[in-house]
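**Q** Those sequence lines, one after another, are chains S and R.
Per the working numbering, residue 1 is the first one in the first sequence, and the count goes up by one each step.
Per the working numbering, residue 1001 is the first one in the second sequence, and the count goes up by one each step.
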Amino acid sequence: MSESGPRTDGGTETGTGTGAAPAPTGRRLGGAAVGRWLFRAGVGVVFAFLLAPIAVVVATSFAETGSLTFPPKGLSLRWYGEFLGSSRWRRAALNSLVAAGGTTVLATVAGTTAALGVSDLGGSREAAVLGLAVLPLLVPGVVLGSSLLVFLGEFDLQQTYMAVVAAHSLWATPLAFSVVRAALSRFDPRLREAALDLGASPFRAFFEVVAPNIRSGLFAAALIAFVVSLQEFIMTLFVSGPDTRTVPVLAWNSLRGSLDPLVSVVSTLLVAAVVVAVAVGAAVAGLERLATDT
Amino acid sequence: MTGVVELDGIRVTYGDVTAVEELSLSVRDGELFCLLGPSGCGKTTTLRAVAGFESPAAGRVVLGGRDVTGLAPYDRGCATVFQDWALFPNKTVAENVAFGLKMAGVPAERRRERAREQLATVEMTDHADDPPGELSGGQKQRVALARSLAVDPEVLLLDEPLSNLDKRLRETMQLEIKEIQERLETPMLYVTHDQEEAFTLADRIGIMNDGELVQVGAPRTVYDDPVDRFVEAFLGSTNFLSGRVVAGTGADTGVGPDAVAVEFPVAGLRTPVPAGDDLAVGDDVTASVRPEVVDLAPAVDGAAASTDGGAASEPDATGHADGRAILAGTVSEVVYRGSNVRHHVAVGDGAELFVERPVTDAPGLAAGDAARLSWDVTDAYHFGPDGARVRP
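Written out as C-alpha cells, the structure reads:
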C-alpha cells in the first residue's frame, strides 16, 4: 500500500492527483520527505526493539545444542520433542488451558452482567462502580497474589484450579467489563425496551436481543480474558500448586534450575497461542463487520 | 365509564426534576387519544409510565381495569411503537413481528401464520424475510406497527412514531394509522409534538405543558375553545397583542355592564372585553388575533375599502367601527407559502401582525404598501394575567 502524505506535499505521487494542483517546490517536498522517512525509521526502531526478544526466543527454540545461546548453533526440533515428551510440561499446558477456559467463562459472565447492571445505575453511583471495577488492575500482582493465598487458604482452596481461575479473573473481569461496556454504549437501549414491551423477561430479552447485537463485544471480552489467563504469572505463582501450575509458572521453575532451549520452546508456543487467538478474533470480528455492513 | 387506560394522579420525577405532575387522564375504549405538547413537556414520560418504563412516584396506572402500577413492562397488556421503531436488527421482518408471540409461548407454526397476517394488514408480506436494516423509514414504521399489533395489545402506545419521516410520507402514514385504528378499534395513546398530526389523527387531544395536562377535548373543541394562552400559542401561529385593563365593569365601555375596557397601546385600540369579574383595572391582558380572522385591504386616502365589502366606515376614537377593530399599517413583507399568502404588516412601534389569505383571494398588496387591517372583536381571544382565558 502506498504511503500518502497530505495532499499539498504528496503531489508527485503517481496517478491519484485530481487535476492540476500547483507543483510543490523541490525544497518543500524534500523537507517533507525527510521528515516522513525519519518518522518511519523511528517507528521501525521501536518495533524492532519490541519484537527482537521474541525473535531471539523463537530462534533459540530451534537450537540443536543444550545451551541457550543466540544465534543458535544448528537447527532442529529436538526441544519441541523434549517438550511433548515431558509429562510435567504436558500437564502444565493442560492446566493453562483449564485455567484460561474457566477464566474466560467467569470473567465474561461477570463482566457482562456488571456492564449491564452499571448501565442502569447512572450518575455518581455509576462513576463509583466504574472506579471500583478497575481497581484490581491497579493493585500490584504480588500484593494480590499474596493476599489471595492467605484468603483462599482460609477455605482450603489454595493450589486448586478454582484458586487459579479466581486470581486470573481478578484481572480479566475488569477488562471484559470495559469491553462489554464499550459494546453496550453502541447498543440502542430501546431495542431491549422493545423486547420487554413485547413480553420478554429480562433474561430472554438479553439472549434474544441484547447478546446477538453485542456479540462481537462479548467475543472480544472472552478473547481478552483467555489471553490474560494464558500469560498471567505472578498471581499464579502464589496460588497454584504442583498439580495446577500453568506453563508460565513451570517455565519460571525450570529456568531457576537450568537455562535450556526448552524454555524457548514453551515461550514460542505461548506466543503462538496468543497470536492464533488474536488472529481468530480479528478474523471473526472482520467477518462480523462484513456481515453487518451489507 | 372507565377507560382502557386510566392514569390517576401520576407523578414522575428524575432526581429533583418533576417531569410529570399529578396527571390524570382516561383513554376510552376504541379511541385514538393524542398527547400533544412541546418537547420536554412530559408527554413521552407519561407514555413510558403507561408502558412500565418509568415508575411513578405517586398515583396509579390502570390498564383494562387492572392496576399495573408496580408491574414490569412485560407483565402489562400494552405494546409500544417507538420513535425510531426499535426493530431488532438481528431478526428478519417476520421474526420481528412474531417476537411477542414467541415470548408468549405460541408455537412456531402458529406464530409464522400470525406474522403473515399482520404483515398483510400493513402490506409488507413481500419483505417478510428481509432484515429490517434494508427497509425504508415508512416500511420500518409499518413493521413496527405490525409487531406491536401482533400481540393484540389492550392499548397501543405510539411515541412520536412518524417524526423521523419526511412530510409527505408522514401524512400518508397518518391516514394509514387512522385507518388501521378505525378497523381494529384498538385504543391508541399517541404522543406527538405536531399539532397538525394530532388534529388529523385524534378522537381526543390532551395538551400538555410543563408536566401538566392543560386541556383535553376533541380537536375542534380544543382549537375553537382554548383554555389558556399556552394552548392558543401552541395550536397554531397567531398574533398576540399586549394590553391593560383601563376601565372596569360598570364604566361606559359601550358593550354593556359586564365588559371592561382594555387598551392595546401598540394597536392604538381600546376594546371592550366581556369579562364579568375576571379582570380588574390594571390587569395585563393578551389578545390573540388569528391570522385567518383578520381582514386586509389597501388603505384608500384615510378611508378604506375592504375586500369583503363590509366595515368600510371610519373608526371611532377607540379604533373601532361596527364592532370591528380597525388598524392602519404598512406591509413589510409578503410571503408566498404555496396555497396561501402571508402578509406581515407593521403597525407602528416595531410591532408587526401577520395575516394569511388564500392565494386566490390575496388583496394584491406588495411590501411598502399602506394597508388597513380589521377584525371582528368577538373573533379575538383574550387571556388574563395568569394566562387563563377570559370568557364572556
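C-beta: ideal position from N, C-alpha, C; glycine also.
Just the chain R side, please: which residues come within less than 7 Å of Phe-217 (chain S) by C-beta, in chain order?
**A** Residue numbering aside, residue 217 (chain S) sits at position 217 when the first sequence is read from its first letter. It should be noted that the sequence gives Gly, not Phe, for residue 217 (chain S). The contacting residues do not exist; Gly-217 (chain S) stays about 14 Å from chain R at best.
**Q** Relative to chain S, which residues along the region 1081 to 1094 of chain R have a C-beta separation below 7 Å, given in chain order?
**A** Cβ contacts with chain S come from Phe-1082, Asp-1084, Ala-1086, Phe-1088, Pro-1089, Asn-1090.
**Q** Taking Cβ positions only, does Ala-1019 (chain R) come closer than 8 Å to chain S?
**A** Within the second sequence, numbered from 1, the residue matching residue 1019 (chain R) stands at position 19. No - not a single Cβ of chain S is within 8 Å of the one on Ala-1019 (chain R).
**Q** Would you call the CB atoms of Ala-194 (chain S) and Ala-1086 (chain R) closer than 8 Å?
**A** Within the first sequence, the letter at position 194 stands for residue 194 (chain S). Within the second sequence, the letter at position 86 stands for residue 1086 (chain R). A contact, by the Cβ cut-off of 8 Å.
**Q** Buried or exposed for Gly-1009 (chain R), going by 16 or more other Cβ atoms inside 10 Å?
**A** Walking along the second sequence from the start, residue 1009 (chain R) turns up at place 9. Looking at its Cβ environment, which holds fewer than 16 other Cβ atoms inside 10 Å, Gly-1009 (chain R) is exposed.
**Q** Check each residue of the region 195 to 210 of chain S: if its Cβ is closer than 9 Å to any Cβ of chain R, include it; give the result in chain order.
**A** Within the region 195 to 210 of chain S, the qualifying residues are Ala-195, Leu-196, Asp-197, Leu-198, Gly-199, Ala-200, Ser-201, Pro-202, Arg-204, Ala-205, Glu-208, Val-209.
**Q** I want to check one thing, is the minimum distance from the CB of Trp-1375 (chain R) to the heavy atoms of the ligand FAD below 7 Å?
**A** The ligand FAD is absent from the structure shown, which contains no ligand whatsoever.
**Q** Using the beta-carbon count (16 or more within 10 Å), is Ile-54 (chain S) buried or exposed?
**A** Along the first sequence, one-based indexing puts residue 54 (chain S) at 54. Exposed, by the Cβ-count rule.
**Q** List, in chain order, every chain S residue whose beta-carbon is nearer than 7 Å to that of Val-1151 (chain R).
**A** As a working mapping, residue 1151 (chain R) is identified with position 151 in the second sequence. Per Cβ cutoff of 7 Å: Leu-198, Gly-199.
**Q** Just tell me which of R:Gly-1105, R:Thr-1044, R:Pro-1315 has its CA closest to the CA of Gly-199 (chain S).
**A** Taking the first sequence and counting its residues from 1, the one referred to as residue 199 (chain S) is at position 199. Ranking R:Gly-1105, R:Thr-1044, R:Pro-1315 by Cα distance to Gly-199 (chain S) puts R:Gly-1105 first.
**Q** Which two residues bound the contiguous beta strand (DSSP E) that contains Asp-1284 (chain R)?
**A** Residue numbering aside, residue 1284 (chain R) sits at position 284 when the second sequence is read from its first letter. That run of the beta strand (DSSP E) goes 1284 to 1289.
**Q** Let me know the secondary structure DSSP gives Ser-264 (chain S) once reduced to three states.
**A** Mapped onto the first sequence, residue 264 (chain S) falls at position 264. It is helical.
**Q** On a Cα-Cα basis, can you pick out the residue from R:Gln-1181, R:Leu-1296, R:Arg-1324 that is closest to Thr-1330 (chain R)?
**A** Here residue 1330 (chain R) corresponds to residue number 330 of the second sequence, with the count starting at 1. Considering only alpha carbons, the answer is R:Leu-1296.
**Q** Classify Val-109 (chain S) as helix, strand or coil using the three-state DSSP reduction.
**A** Numbered from its first residue, the first sequence carries residue 109 (chain S) at position 109. In the structure shown, Val-109 (chain S) sits in a helix (DSSP, three-state: H, G or I).
**Q** Take Ala-1218 (chain R) as the anchor and find which of R:Ala-1150, R:Glu-1031, R:Val-1012 has the nearest alpha-carbon.
**A** As a working note, residue 1218 (chain R) is residue 218 in the second sequence. Measuring from the Cα of Ala-1218 (chain R), the nearest candidate turns out to be R:Glu-1031.
**Q** For the pair the region 1068 to 1085 of chain R and the region 1128 to 1148 of chain R, tell me if three or more CB-CB distances fall below 8 Å.
**A** The region 1068 to 1085 of chain R vs the region 1128 to 1148 of chain R: in contact.
**Q** What's the C-alpha gap between Gly-281 (chain S) and Val-227 (chain S)?
**A** Within the first sequence, numbered from 1, the residue matching residue 281 (chain S) stands at position 281. Within the first sequence, numbered from 1, the residue matching residue 227 (chain S) stands at position 227. If I take the Cα positions, the gap works out to 11 Å.
**Q** Cβ atoms of Gln-1195 (chain R) and Gly-1236 (chain R): under 8 Å apart, would you say?
**A** For this step, residue 1236 (chain R) is matched to residue 236 along the second sequence. For this step, residue 1195 (chain R) is matched to residue 195 along the second sequence. Yes. Within cutoff.
**Q** Going by DSSP, what residues sit across from Tyr-1190 (chain R) in a beta bridge?
**A** Position 190 of the second sequence, counting from 1, holds the residue named residue 1190 (chain R). Paired residue(s): R:Cys-1034, R:Leu-1158.
**Q** Would you identify the three-state DSSP class for Gln-1083 (chain R), choosing helix, strand or coil?
**A** Mapped onto the second sequence, residue 1083 (chain R) falls at position 83. Correct three-state label for Gln-1083 (chain R): coil.
**Q** Report, in whole angstroms, the separation of the C-beta atoms of Asp-1159 (chain R) and Thr-1018 (chain R), which I expect to be a contact under 8 Å.
**A** Indexing the second sequence from 1 puts residue 1159 (chain R) at position 159. Indexing the second sequence from 1 puts residue 1018 (chain R) at position 18. In fact, because the Cβ distance is near 20 Å, the residues do not count as touching under 8 Å.
**Q** Cα-Cα, which of S:Glu-64, S:Val-239, S:Thr-113 is closest to Leu-184 (chain S)?
**A** Here residue 184 (chain S) refers to the residue found at position 184 when the first sequence is read from its first residue. When each option's Cα is compared against that of Leu-184 (chain S), the closest is S:Thr-113.
**Q** By the DSSP assignment, the alpha helix (DSSP H) with Tyr-161 (chain S) in it spans what residues?
**A** Taking the first sequence and counting its residues from 1, one reaches residue 161 (chain S) at position 161. Residues 161 to 185.
**Q** Determine the direct distance from the alpha carbon of Leu-1135 (chain R) to that of Leu-1053 (chain R), and round the result to whole angstroms.
**A** If you number the second sequence from 1, residue 1053 (chain R) lands on position 53. If you number the second sequence from 1, residue 1135 (chain R) lands on position 135. This sequence places Phe at residue 1053 (chain R); Leu is not what is there. If I take the Cα positions, the gap works out to 27 Å.
**Q** Counting along the chain, where does the alpha helix (DSSP H) carrying Phe-1099 (chain R) start and finish?
**A** Position 99 of the second sequence, counted from the start, is the residue given in the question as residue 1099 (chain R). Element bounds for Phe-1099 (chain R): 1093 to 1103.
**Q** Hey, would you say Val-1027 (chain R) sits closer than 8 Å to Val-1004 (chain R), going by beta carbons?
**A** Taking the second sequence and counting its residues from 1, the one referred to as residue 1027 (chain R) is at position 27. Taking the second sequence and counting its residues from 1, the one referred to as residue 1004 (chain R) is at position 4. Contact flag set, yes.
**Q** Alpha carbon to alpha carbon, how far is Pro-1274 (chain R) from Ala-1325 (chain R)?
**A** Residue mapping note: residue 1274 (chain R) aligns to position 274 of the second sequence, counting from 1. Residue mapping note: residue 1325 (chain R) aligns to position 325 of the second sequence, counting from 1. For Pro-1274 (chain R) and Ala-1325 (chain R), the distance between alpha carbons rounds to 15 Å.
**Q** Please state if the CB of Val-284 (chain S) and the CB of Gly-83 (chain S) are separated by a distance shorter than 8 Å.
**A** Within the first sequence, residue 83 (chain S) is the residue found at index 83, counting from 1. Within the first sequence, residue 284 (chain S) is the residue found at index 284, counting from 1. Looking at the sequence itself, residue 83 (chain S) is Phe, so the reference to Gly does not match. Contact: no.
**Q** What does Ala-1051 (chain R) touch in chain S if you count any residue whose Cβ is under 7 Å from its own?
**A** Translated into the one-based positions of the second sequence, residue 1051 (chain R) becomes position 51. Those within 7 Å of Ala-1051 (chain R) in chain S are Asp-197.
**Q** Measure from the C-beta of Gly-1100 (chain R) to each C-beta in chain S and report whether the shortest distance is under 8 Å.
**A** Residue numbering aside, residue 1100 (chain R) sits at position 100 when the second sequence is read from its first letter. Answer yes: the Cβ-Cβ gap between Gly-1100 (chain R) and chain S drops below 8 Å somewhere.
**Q** So, are the CB atoms of Val-180 (chain S) and Gly-217 (chain S) less than 8 Å apart?
**A** The residue labelled residue 180 (chain S) in the question sits at position 180 within the first sequence. The residue labelled residue 217 (chain S) in the question sits at position 217 within the first sequence. Result yes, Cβ atoms of Val-180 (chain S) and Gly-217 (chain S) sit closer than 8 Å.
**Q** So is Glu-1095 (chain R) buried or exposed if we call it buried at 16+ other beta carbons inside 10 Å?
**A** For the purposes of this step, residue 1095 (chain R) is taken as residue 95 along the second sequence, with counting starting at 1. Burial call: buried.
**Q** Please state if the CB of Val-239 (chain S) and the CB of Leu-137 (chain S) are separated by a distance shorter than 8 Å.
**A** Translated into the one-based positions of the first sequence, residue 137 (chain S) becomes position 137. Translated into the one-based positions of the first sequence, residue 239 (chain S) becomes position 239. In this structure, Val-239 (chain S) does not lie closer than 8 Å to Leu-137 (chain S) by Cβ.
**Q** Report the three-state DSSP secondary structure of Pro-189 (chain S) (helix, strand or coil).
**A** Within the first sequence, numbered from 1, the residue matching residue 189 (chain S) stands at position 189. Helix.
**Q** Sorted by chain position, which residues of the same chain lie with C-beta nearer than 7 Å to Ala-99 (chain S)'s C-beta, five sequence neighbours on each side aside?
**A** As a first step, residue 99 (chain S) is located in the first sequence; it is residue number 99 there, counting from the start. So the list reads Tyr-161, Val-164, Val-165, His-168, Ser-229, Thr-246, once near-sequence residues are dropped.
**Q** Between which two residues does the alpha helix (DSSP H) holding Glu-82 (chain S) run?
**A** Along the first sequence, one-based indexing puts residue 82 (chain S) at 82. First-last of the alpha helix (DSSP H) with Glu-82 (chain S): 78 to 85.
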